[in-house]
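Read through the structure below, which is laid out as structure tokens, and then see the notes.
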Amino acid sequence: MTTSAAPWHAATGTAPPDWLGALLSGSPPGDEAAVLDFPMPADPAVVGVARSFVRTTFTGWDSDDAVFDAQLVVSELVTNAIRHGGGARSLRLVCSRRRLGCAVRDFSGAVPVTATSGFLAEFGRGLPLIEALTTAWGWLYPAGGGKLVWAALS
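Residue numbers for the sequence shown, in my numbering: 9 to 162.
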């Protein structure tokens, strides 16, 4: 998915955790990992489909306790990709030794920016929500353009 020469960029100034970074960079998953890719059509209705995909996948991984938070994070990532990234290219869910992660690839190379939202603002709370519900999140630039925004859920 990305080359070894591609730079890592992250919200916290660090690369993804090793277990997640290896899978996102295209390394083949070992016996302890499962990776599912879900192509995303350019349609806002896909956010609901993505939430269902998360529920079905995490339930299959016996990770029911993480479904709600994962659905919120994926909803925000997909919505941001549609709204600011020219559309979502794919959703990737990762489970490696009971550690969970997700990533959404979009068409834009623009860095995710946390907006300052007022009390009554309709928008601008997505990235702070992702920050609150994950152990780490960030982005990288894979080969082929766009960006991949990742989140480690546990």
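By construction, the Cβ of each residue, glycine as well, lies at the ideal position given by its N, Cα and C atoms.
Where the alpha helix (DSSP H) containing residue i begins and where it ends
i	result
Trp27	26-32
Helix, strand or coil at residue i [DSSP, three-state]
i	result
Asp77	helix
Arg115	Reading the sequence as shown, one finds Phe at residue 115 and not Arg. DSSP places Phe115 in coil when its eight states are reduced to three.
Ala159	strand
Ala144	strand
Gly109	strand
Glu139	helix
Ala14	Note that Ala14 scores a pLDDT of 42, beneath 50, so its modelled location is shaky and nothing firm can be said.
Nearest-angstrom Cα separation, counted from residue j out to residue i
i	j	result
Arg59	Ala50	16 Å
Thr90	Arg105	Rather than Thr, the amino acid found at residue 90 in this sequence is Ile. Between Ile90 and Arg105, the C-alpha separation is close to 31 Å.
Thr67	Val43	14 Å
Lys155	Tyr149	5 Å
Gly146	Ala23	8 Å
Own chain, CB closer than 7 Å to residue i, minus 5 neighbours either side, in chain order
i	result
Leu28	Val102, Gly109, Trp158, Ala160
Gly94	Asp114, Phe115, Ser116
Asp77	Leu141, Leu161
Residue range of the unbroken beta strand (DSSP E) whose run includes residue i
i	result
Ala23	Premise fails: Ala23 is in no beta strand (DSSP E) and is neither H nor E.
8 Å Cβ shell around residue i - same chain, five flanking residues per side excluded
i	result
Ser83	Val55, Ala58, Arg59
Arg63	Val75, Gln79
Val86	Met48, Val54, Val55, Ala58, Ala96, Leu99, Val112
6 Å Cβ shell around residue i - same chain, five flanking residues per side excluded
i	result
Phe61	Phe46
Arg100	Asp45, Ala111
| What are the complete alpha helix (DSSP H) segments, minimum 4 residues, inside the region 41-102? | As far as the region 41-102 is concerned, its whole alpha helix (DSSP H) runs of at least 4 residues are 54-68, 75-92.
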